[in-house]
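What follows is a set of notes on a single structure, which appears directly below.
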Amino acid sequence: MPNIKSILFAQKQKLFSISRRSFQTDLLPEGAKAYINGKWMDSIGGTTFEVKNPYSKEVITEIANCDQSDAQIAVQAAREAFYKWGFETTGKERGAILNKWYQILTQKEAQLGELLTLEQGKALGEAKGEIQYSASYFDYYAGEARRIRGEIIPAPVLNRQHFHTREPIGVVAVITPWNFPSAMIARKAAAAFAAGCTLVVKPAAETPLSALALAQTAEEAGLPKGCFNVIPADHERIGGISKFLCESHDVNCISFTGSTGVGRLLLSQSASTVKRVCLELGGNAPFIVFESADIDVAVQSAIASKFRCSGQTCVSANRFYIHSKVHDSFVQKLGDAMSKFVCGNGLDSKTTQGPLIHEKAVEKVQKLVDDAVSKGAKIVKGGKVIEGTNLYEPTILTNVNESMNIANEEIFGPVVAIQSFETEDEAIQKANSTRLGLAAYFFTTCMKQTFRVSRRIESGMIGINEGAISSAEAAFGGVKESGLGREGGSQGIDEFTNTKYICLNTK
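Here you go:
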C-alpha cells in the first residue's frame, strides 16, 4: 500500500496517475468510502462525487456520495452504540481512548497534513499545524472525561437528598466546513466522546478525506464501532441529509460550524424535534490598533489572524481600524511583511499562501475588491487573482469606508481592508456596528484601555495584543448572530450533556 507522499502531485507535473475509484493510502486503507458502524461502505445508491485539489483543479478521487438512506443507517448505528458507550464505560476508559487517539494523530501528523493540503489547498506547514491543533483537543478532553461531575444539593427537609448528575445528551450530528476539515471535527468530537455521546459526521463536500482519515485513526485508537460515523455527500445531497438529521428523533443534538445563513436554516429545521443546536457561525472580526500600540506586535498579529488559510477563517481579522497617528506606519510595516509571502501549491514547502477553495471563492473576493475600489478605496498591494489559478494576491486596501461591501461582509480571503479612526469611542462604535460577534482584536499598551475596551466590545472572544487566540483549553464561540453555545474548554462538555435532578426520600 503506497504512502500518501507517493500519490501527491507536484506543482508542475503528476507523480503518477491513480484510479479515481480506489484512492488508497494507509490513512484510507479501503479507499474513499463512507464509514458507518465500523465498516467502510459504498453509498446505498452506489453513486460517487469528485474531490478536487484547489491548486491544480485536478480530481483527486471519487468518493461515496451518501443520501438520507445512508444517513439513517449511520444514525441507527450511532443510536445502538450510544447506550454502551454512554452508560457502560467510565470517564477514565473514554479518556484512555481519547489519549491514544491523540498519540496516533501526533505520530501521523505528516501524513495527515499532506492529505489535508491535497484536498484543502492550505500551505503544508499550516496543515500540519492544524493536525497538531486537532490532536490538542483529544489530549485535553482525555483529561476532562474524568472530571465530568454532578453535585449534591442541600435539601430543604431532613428526609430528602437532592442530586444533580451530568449525563451524555445522546447521538450528535456534526456538520462541518471545508476550511479546517480536521480541526472542526476534532473540536466537537473530542468533547462529545468524553461526555459519552456518539457521532454522525457530515463533512464538507470539498474536504471529506480528512474526516475519513479521522475515522481510521479513531478505529486504531480503539473507539467502538458505531460511535463515529462519516457520511460524505456532495452539495446537491447535503441539504436533504441535514434536514433529515435535524428532524430525526434519534438525533439529540446538531453541532454545526458554517455560515450564519445555513445556521438559521438548521435551527429552524430542528425546531420540530426541539433538539439542542450548537452553532459556530460567521464572523466579521474588527482589528483595532490604538495610538499606544506596539506596531510590530500589531503587524505580526495581523499576519497570524488575517492570512492563516489565506484569510478563509471565521475568526480572521476582517475590518481593520487603525488610529490615524499610526496608520501610515502600520500600512508600511504590514506591506513589508507581506512581501515575504509566497503564493503557490500548498504541497511546495516554500509556499506560505495557498489557493482559495474554488473559483466561486475567488470571484467573491475579486467582486468585493472591485466594489471597494469603485467607491474610492486605494490598492496599496495586490488586488487581483493570479491568472489561471485559485490564488489571490495578498492585498491591502486603504481609504475604506462603510459604504463599501467589503466593510460589511465576511471577506474570506487574503484582503486587509483598512479604515482610520480618531477616538476610542469611534473605533468601538465601528467595531460593534455588525450583527455578528465572533472574535475581535485590539492593540494597546494602556492597561486602563485594555479593560475599558474589552468590556465594551460585543464579541464572544477577544484577542488583546494577540492575533491567534484559539486553544483547546478555552471556550470558543460568539454572540449576536455568530452562534449559540461554546466549544473547547470545560464549557465544551456542557454542549453534549444534560443535567438530571434526582430527589431521594431517605425516610
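The working numbering numbers the first residue of the sequence shown as 34 and each following residue consecutively. For every residue, glycine included, the Cβ atom is placed at its ideal position computed from N, Cα and C.
By Cβ distance below 8 Å, which residues in the same chain neighbour residue 306 in space, the five residues on each side in sequence not counted? Taking the first residue of the sequence shown as 1, we reach residue 306 at position 273. Excluding sequence neighbours, residue 306 sits near 279, 280, 281, 282, 284.
By DSSP, does residue 449 sit in helix, in strand, or in coil? Here residue 449 refers to the residue found at position 416 when the sequence shown is read from its first residue. In the three-state DSSP reduction, residue 449 falls in the strand class (E or B).
Contacting residues, own chain, Cβ-Cβ under 8 Å from residue 404 (five flanking each side not counted): As a first step, residue 404 is located in the sequence shown; it is residue number 371 there, counting from the start. Excluding positions up to five away in sequence, the list reads 437, 438, 439.
Test item: CB-CB of residue 192 and residue 539 under 8 Å: Position 159 of the sequence shown, counted from the first residue, corresponds to residue 192. Position 506 of the sequence shown, counted from the first residue, corresponds to residue 539. The answer is yes: Cβ separation under 8 Å.
List the residues that DSSP assigns as beta-bridge partners of residue 262. Residue mapping note: residue 262 aligns to position 229 of the sequence shown, counting from 1. The partner list for residue 262 (beta bridge, DSSP) reads 233.
Counting C-beta neighbours from all protein chains within 10 Å, is the total for residue 527 16 or more, i.e. buried, or is it exposed? Indexing the sequence shown from 1 puts residue 527 at position 494. Residue 527 counts as buried, since at least 16 other C-beta atoms from the protein chains shown sit within 10 angstroms of its C-beta.
Using a Cβ-Cβ cut-off of 7 Å (strictly less than) and excluding sequence neighbours within five positions of residue 137, which residues of its own chain qualify? Against the sequence shown, residue 137 aligns to sequence position 104. Excluding its 5 nearest sequence neighbours in each direction, residue 137 has C-beta neighbours in its own chain below 7 Å: 250, 253, 254, listed in chain order.
Can you name the residues that DSSP bridges to residue 288? Here residue 288 refers to the residue found at position 255 when the sequence shown is read from its first residue. Residue 288 pairs with 207, 311.
When you compare each of 154, 509, 238, 207 to residue 382 by their alpha carbons, which one comes out closest? Locating residue 382 in the sequence shown gives position 349, counting from the first residue. Just measuring C-alpha positions, the residue of 154, 509, 238, 207 sitting nearest residue 382 is 154.
From residue 428 to residue 329, what does the alpha carbon distance come to, in whole angstroms? The sequence position of residue 428 within the sequence shown is 395, counting from 1. The sequence position of residue 329 within the sequence shown is 296, counting from 1. Each residue's Cα considered, the two are about 19 Å apart.
With three or more C-beta pairs closer than 8 Å as the rule, is the stretch 116 to 136 touching the stretch 162 to 173? By the C-beta criterion, the stretch 162 to 173 is judged to be in contact with the stretch 116 to 136, since at least 3 inter-stretch pairs fall below 8 Å.
Taking residue 123 as the reference, give the member of 459, 177, 141 with the closest Cα. By 1-based counting over the sequence shown, the position of residue 123 is 90. With distances taken between CA atoms, residue 123 lies nearest to 177 out of 459, 177, 141.
Do residue 332 and residue 370 have their beta-carbon atoms positioned less than 8 Å apart in this structure? Position 337 of the sequence shown, counting from 1, holds the residue named residue 370. Position 299 of the sequence shown, counting from 1, holds the residue named residue 332. Yes; because the gap between Cβ atoms is below 8 Å, this pair is in contact.
Residues near residue 54 in its chain [Cβ-Cβ closer than 6 Å; skip 5 each side]: For the purposes of this step, residue 54 is identified with residue 21 of the sequence shown, where counting begins at 1. At residue 54, the pLDDT of 48 sits below 50, so the modelled position is not reliable; the number obtained from the coordinates is stated separately. Cβ-Cβ distances below 6 Å link residue 54 to 95 in the same chain, with the five nearest sequence neighbours on each side left out; the list follows chain order.
Take residue 240 and list the residues in its own chain whose beta-carbon comes closer than 6 Å to its own, dropping the five residues that flank it on each side. Taking the first residue of the sequence shown as position 1, residue 240 is located at position 207. For residue 240, where only same-chain residues beyond five positions count, the Cβ hits under 6 Å are 152, 153, 211, 214.
Would you check if the distance between the CB atom of residue 26 and the CB atom of residue 336 is smaller than 8 Å? Missing from the structure shown is residue 26; the chain here goes from 34 to 540 and no further.
What does DSSP give as the partner residues of residue 193 in its beta bridges? Here residue 193 is taken as the residue at index 160 of the sequence shown, counted from 1. Paired residue(s): 538.
Go through its chain and collect everything with a Cβ distance to residue 506's Cβ below 8 Å, but skip five positions before and after it. Position 473 of the sequence shown holds residue 506. 173, 521, 522, listed in sequence order.
Does DSSP classify residue 145 as helix, strand or coil? Here residue 145 corresponds to residue number 112 of the sequence shown, with the count starting at 1. Secondary structure of residue 145 (DSSP, three-state): helix.
Roughly how far, in whole angstroms, is the beta-carbon of residue 16 from the beta-carbon of residue 343, given that I think they are within contact range, below 8 Å? Here the chain covers residues 34 to 540 and nothing more, so residue 16 does not appear.
Apart from the five residues just before and just after residue 160, which ones in its own chain have a Cβ nearer than 6 Å to its Cβ? Your numbering for residue 160 matches position 127 in the sequence shown. Contacts found: 146, 149, 150.
Express the C-alpha separation of residue 316 and residue 469 in angstroms, rounding to a whole number. Mapped onto the sequence shown, residue 469 falls at position 436. Mapped onto the sequence shown, residue 316 falls at position 283. So the alpha carbons of these two residues sit roughly 6 Å apart.
Reducing DSSP to helix, strand and coil, say where residue 480 ends up. For the purposes of this step, residue 480 is taken as residue 447 along the sequence shown, with counting starting at 1. In this structure, DSSP gives residue 480 a helical state, which the three-state scheme calls helix.
Spell out a yes or no on whether the stretch 93 to 108 and the stretch 68 to 85 are touching, meaning 3 or more CB-CB pairs, one atom from each, closer than 8 Å. The answer is yes - the stretch 68 to 85 touches the stretch 93 to 108, with three or more Cβ pairs under 8 Å.
Beta strand (DSSP E) containing residue 69: first to last residue? By 1-based counting over the sequence shown, the position of residue 69 is 36. Taken as a continuous stretch (DSSP letters only), the beta strand (DSSP E) holding residue 69 covers 67 to 69.
With DSSP collapsed to three states, give me the class of residue 360. Start at 1 with the first residue of the sequence shown, and residue 360 comes out as number 327. The DSSP-derived three-state label of residue 360 is helix.
In the DSSP assignment, find the alpha helix (DSSP H) that holds residue 217 and state where it starts and stops. Here residue 217 is taken as the residue at index 184 of the sequence shown, counted from 1. Where residue 217 is concerned, the enclosing alpha helix (DSSP H) stretches over 216 to 228.
Touch test, the stretch 181 to 199 against the stretch 491 to 498, Cβ-Cβ under 8 Å, three pairs minimum: No, they do not touch.
What are the start and end residues of the alpha helix (DSSP H) that includes residue 272? The residue you call residue 272 lines up with position 239 of the sequence shown. Per DSSP, residue 272 belongs to the alpha helix (DSSP H) from 268 to 280.
Do you know how far the Cα of residue 322 is from the Cα of residue 430? For the purposes of this step, residue 430 is taken as the residue at position 397 of the sequence shown. For the purposes of this step, residue 322 is taken as the residue at position 289 of the sequence shown. Distance between the alpha carbons of residue 430 and residue 322: 16 Å.
Return the bridge partner residues of residue 73 from the DSSP annotation. As a first step, residue 73 must be located in the sequence shown, where it is residue number 40. Under DSSP, residue 73 shares a beta bridge with 68.
Starting from residue 496 and walking both ways along the beta strand (DSSP E), at which residues does that stretch end? Taking the sequence shown and counting its residues from 1, one reaches residue 496 at position 463. Its beta strand (DSSP E) spans residues 494 to 497.
I need the boundaries of the alpha helix (DSSP H) containing residue 320, first residue and last residue. For the purposes of this step, residue 320 is taken as residue 287 along the sequence shown, with counting starting at 1. That residue, residue 320, is in no alpha helix (DSSP H); its beta strand (DSSP E) goes 318 to 322.
Going by DSSP in three states, residue 155 sits in which element: helix, strand or coil? Position 122 of the sequence shown, counting from 1, holds the residue named residue 155. Residue 155: coil per DSSP, three-state reduction.
Just how far apart, CA to CA, sit residue 49 and residue 480? As a working mapping, residue 49 is identified with position 16 in the sequence shown. As a working mapping, residue 480 is identified with position 447 in the sequence shown. Bear in mind that the predicted position of residue 49 carries a pLDDT of just 29, short of 50, making it too unreliable to give a figure here.
Comparing C-alpha positions only, which one of 441, 258, 525 sits nearest to residue 219? The residue given as residue 219 occupies position 186 in the sequence shown. Selected option, being the one with the closest Cα: 525.
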